[in-house]
Amino acid sequence: MKLEKKIENTLNMYPAFVDPALEKNVVKIIKKEKIGRYYDTEGSRIFNHKFKCVDKSENPDHKKQYRYEVTFDVEPFNISRDSLIPYDEDDRKRFQGWSAEIVVEVDENVDDKNAPVNCVITEVDGGGTNITLPKAVTSVEQHIRLAERELQGVNLSETDLKTAVRFLTFKYRTQKLAKKVPESQKTYNNLLISCDDPEAAKRMADKLFTLMGIAERDVCHVTEARMFDLYKDRRTNFTQYVERFQAIHIYDCKERPYMDADAGTSSSVDRTKAEAEAYVSTWKTLEEYIKKHPTVTVIVSMPGHILKNTFSVNTFISKGLFAETVSVPAITTEEMLEYCLKEFRESSFALSDDFEDAFKDYFLAAYKGSDIKGMEFAKEAVNKVYSMYFSSKRRSRILNSDNVPAYSEGFMSAEDVLAELGRMAGLKNVKKTFQSIYKKYVADPENAAKESHHMMFYGNPGTGKTTVARLAAELLYQAGVIKTHKCVEAAVGDLVSLWKNGTPQKVRTKVQEAMDGVLFIDEAYGLAGENNDSYQQALNELIQAMVTYQDRIVVIMAGYEDKMEDLLKANSGLSSRIAYKIHFDDFSIEELTEIFHQKCNEIGFGLDEEAGPVLEACLTARRLDEFFGNGRDVANLVRDLQGNWSEEYYELICNDADSEVNLPRVFRAKHFENLMPPKQIPTIDSMVGMKTIKEQLGKFRDQVKYLHFIKEIGKAKMPDSYMHMIFMGNPGTGKTTVAKMIADDLYSLGVLKTNRLVVAERKDIVSKYKGETSERISELIKKAVGGVLFIDEAYALVDAGEEGREAIEVLITAMVEHREDTIFIFAGYPKEMTGFLNLNPGIPSRVGYTFVFEDYATDELMQIFKNQMGDAGLEVAEDALPKVSDIMEYFREMPGFGNGRFVERVVSHIIAQRAKREYTKKDYNKIEACDIPEIGEMIETNPMGLKLLDPKKITEEDRLRTAYHEIGHAIAMYELAPSMVMEKVSVRNRAFSLGMVSFKRDFRNRTEDDLKNEITILLAGRSAERVFCGTCDEGCVSDFDHAKTIANDMIDKYGMCEIGQTKYTDILKEGDKEATRLIQRYQRVIESLAKELVSGKEFTGEEFKSAVEKYLQEKCA
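Residue numbers (our numbering): 5 to 1121.
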């Protein structure tokens, strides 16, 4: 084929290269000649091209020159009206048969049969437009080779290049066979472009349209949003808008909208519903249009995540419409820079020598810190230069460095970020982690970039998690992990929808917002809650995004440590996606003080030196509050102090309006007055009684403080020890209160991470369902980690059988795993706790301390009573106190007495009694003797429902019998048991007995004689009644039962007496006989002492001993 014919074929195949120049001249002619009604024509469409070679020659540069005549028809187009101008039949002929001349120059050395030919148009209808034609081709195969060569400059992957060529092959073949094979015009095959840069996608689409020979005027570029608007437009719908084009390019596609049930008002919900419906309907309309017009080429471009998460999963779009997908890389920084420079070079301005270098420096620096990316940024940069030029007073048309915008980095350098972290108080572990991340990137950026950087922040409120997340975004940006330094903050409510199918969309929207930056989700543990499918959907969608966009987004989840652990368990795949789990410890007093001074400096205030101790006391008290907010609480304190200072300033102004007020911006001690906690936090030293407990806790604190100090300085590794404890004592003896004090104290020392006290009772532990007891224990342990787990009535696990044993094994394992960060305290009655410890030897071997809480004595109960009444603002008359003391003394022996809790019950009764009398503002808090309830009234309302003795019904005969009984015990004890140190002998009104002999025993192994003497002592009270009263009453039952128990143990347990011959009754008979002998021997002294007891006398141990010895001396004399 001759060369001129090749060129002619090329022109016929690629009229798009000629059309722009032709159209430009056609419009000029139409406007100049004012043809018909089309003088306002702003554009035109050229079609029905016919090219014919009319001359050929050779120029002096040895290039062949060909002159072609092109005939064509014109269709006017009014751009401003966005529509074609209808033809007038009278003017139709005037737009047909237009002609022009085209001069083509060709290198003579390419006149090869199979070689493509480059052609340059030097003249179009007299103009001087230079246009590069594609290679001159004559077959589909040559088209394919041409396309492949042209597309190699787009930097496509090998797979995507093959896909694009395959798409073009389809278009070439259907054009070639249009007349021969009708089916070619009924088959559609369109293309999807995956590209995150809309401009790069548009350039790729234009490239493909050009290679298909489609003129620019025949291509409709429309955004997805514009397509939706056209669908809604009643005047010009989408079909009418695109029907005249040969190709359609839809770009800038967004996430599929869904109805948002969380939108608020009903109108907002309806609006989102309408948008969702319009989305589906618009794409369905496009599908129908494609099927009706298969020869129209449609290309849809969108970001990769939209293609994957939205477009590809849309069931309402037939997948056959878009059989091919090509991934196009974003425009490089160098390409964008070259675009800008080309714009300037081809502009009407001259460029100074320093302009391009200055612009290049600005462009590279500004692009790095800009949230706007791609060609959008490039076009904005060009606009800023022109904007600066036209804003200046210069008249010369020269662009120089003065027209380049000044740029200062609006973001922090890595060194700035690390320095800012370093200035934050505390957070030692946090600082170390981020320093390590940055050093890794400096040392090995290639491998570090391949790693996941998702994080989980553990910590209480106010520990700086949000601030650190923002700094993390800056640091990760500087390290090259993410492309922008934005940090998008979200709550669980931003990710979960009330509408069933709305949650995935909300997650995707938030992920897209944070793309190329950090997504910070505070209180993320909410995603694990409420047993709701929506929360699980949100978590699954988020994890999927963390995997899919690992190289484009960093997700940081934050919340309380125990609750964040729940979140990790809610989805087994989450933990493996978290690269860094960072703990934010509560601030110490020193760190809180540092934060306080930082906050003061920010507002220009200082702290008076004398107020230092007050500040420390205030922070110490606030830190122990259950809802303490760390740094936030300090900020609130500073705000409140500033308010108090302002009050003082205002008062000074009011008092002396004429003088200038000069109040130093300093916080003094008086400004703290109303900011201290309402009452003093109780300490172990301020508690009533507990002498032994106080001594033990003092030693415990000193030891723990010493070990913690050694651990902190890292000087020595001390032997492993356990801080777990056993508390033995009856209810109301202060066990829970002391446990809270231990938690607060160890938290203040830095031994524990939190002062959290988790209290569990029997109902919280034991379950009737199989497997649930151990599960409950596990949940309690999880809540208490870092603090103290206090298990009251721990022996309840003994009664739980196999379930209890499993639960104890869980406890033992946790006691070992959390030996350094959590304290386990087991509490309960002494006798029952012994059974609990015997259930599994693993528990006592892991308990480091045992504390025995003794019942309060009457005088201690009275002190507790006075304290409670004082706290309530009630004043008790002196003559009322003896009545209260009688109540305490009477009920002390009652089972389940309650100790301190019983005191609260007494106070409640007194207040109820006082409410019955008249009162005024002056005397409402006065408590008189008549307000103290009678013992009989308290008996009727005792919570145990026990049968108790009413003091008013006790006769003198009863009291004398009791006196004989108690003196009998005391005489036998004096005679037979020197190891029993007698403390007091008394006859007073008590719930179960009128008399009492209290003593202390020296604990040692008891011999057979010791046990026989104990039996004699127990039976001596019974014997005394029989000797002096002739009979004994039922009050002897407890003594007799105890004596029987000892006698049985001697035979059955200890193997004492004659084995197989002695019976327990023999031992009891012997003890009774000896007790009777002693009573008869001391009959006179017993009668004398009993009378004194009945009259109200109480004997101490020494007084009783002196009275007996005096009697013996007189008897001997």
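From the three backbone atoms N, C-alpha and C, an ideal C-beta is built for every residue, glycine too.
Mapping DSSP to helix, strand and coil, what is residue i?
i	result
Leu865	helix
Arg71	strand
Lys184	coil
Glu908	helix
Ile252	strand
Ala876	coil
Ser331	strand
Asn1009	coil
Leu196	strand
Ala495	coil
Asp962	helix
Lys793	Reading the sequence as shown, one finds Leu at residue 793 and not Lys. Of the three classes helix, strand and coil, the one that applies to Leu793 here is strand, per DSSP.
His1046	helix
Lys988	strand
Glu1118	helix
Ala1111	helix
Can you pull the DSSP bridge partners for residue i?
i	result
Trp102	Phe76
Asp59	Arg71
His225	His253
Ser305	Ile197
Ala354	Ile402
Cutting at 6 Å between CB atoms, please list the residues of its own chain near residue i, excluding the five before and the five after it.
i	result
Phe600	Val638
Leu494	Strictly speaking, residue 494 in this sequence is Ala, with Leu absent from that position. Result list for Ala494: Lys514, Ile525, in chain order.
Gly463	Lys469, Phe588
Val408	Ala362, Phe363, Tyr366
Asp44	Because the pLDDT at Asp44 is just 47, under 50, the model does not fix this residue reliably, and the value given afterwards should be weighed accordingly. There are no such residues.
Ile971	Ile1090, Leu1093, Ala1094
Val492	Glu517, Ala518, Leu523
His511	Checking the sequence shown, residue 511 turns out to be Val, not His. Within the same chain, Val511 has close Cβ partners Leu499, Ala542, Glu545, Leu546.
Glu527	Gly563
Met561	Met460, Ile525, Ala528
Please say whether residue j and residue i have beta carbons closer to each other than 8 Å?
i	j	result
Ala876	Glu932	no
Val78	Ile106	no
Leu571	Leu628	no
Ser405	Phe359	yes
Gly308	Ile335	no
Ile785	Thr777	no
Ala974	Met984	no
Tyr799	Gly736	no
Gly733	Met691	no
Thr597	Glu614	no
Met729	Val851	yes
Gly635	Phe671	no
Which residues in the same chain have their Cβ closer than 8 Å to the Cβ of residue i, if we skip the five residues on either side of it in sequence?
i	result
Lys603	Val638, Ala639, Val642
Ile891	Val910, Ile936, Pro937, Ile939, Met942
Trp102	Val30, Thr75, Phe76, Asp77, Val78
Below 7 Å CB to CB, which residues in the same chain sit around residue i once its five sequence neighbours on both sides are set aside?
i	result
Val302	Asn194, Ile252, Ile294
Asp883	Ala933
Ser61	Gln69
Asn52	Phe76, Asp77
Gln439	Leu422
Ser771	Thr777, Arg780
TODO: Kindly confirm or deny that the segment 241 to 248 and the segment 210 to 219 touch, where touching means at least three C-beta pairs closer than 8 Å.
DONE: no
- [ ] Report yes or no: do the segment 961 to 979 and the segment 1029 to 1042 share at least 3 C-beta pairs separated by less than 8 Å?
- [x] yes
TODO: Mind the definition here: the segment 152 to 168 touches the segment 327 to 335 only if three or more C-beta pairs lie below 8 Å; say whether that holds.
DONE: yes
Task: Contact between the segment 181 to 198 and the segment 216 to 233 (3+ Cβ pairs under 8 Å) - done: no
- [ ] Taking 8 Å as the threshold, find out whether the segment 978 to 994 comes into contact with the segment 1013 to 1024 through three or more Cβ pairs.
- [x] yes
Task: Cβ contact check for the segment 855 to 866 and the segment 812 to 820: 3 or more pairs under 8 Å - done: no
Open item on the list: For the structure I just gave you, are there three or more beta carbon pairs, one from the segment 417 to 424 and one from the segment 383 to 391, closer than 8 Å?
Closed with: no
Open item on the list: Whether or not the segment 688 to 705 and the segment 666 to 676 are in contact is what I'm after, with contact meaning three or more pairs of Cβ atoms, one per stretch, closer than 8 Å; do they touch?
Closed with: no
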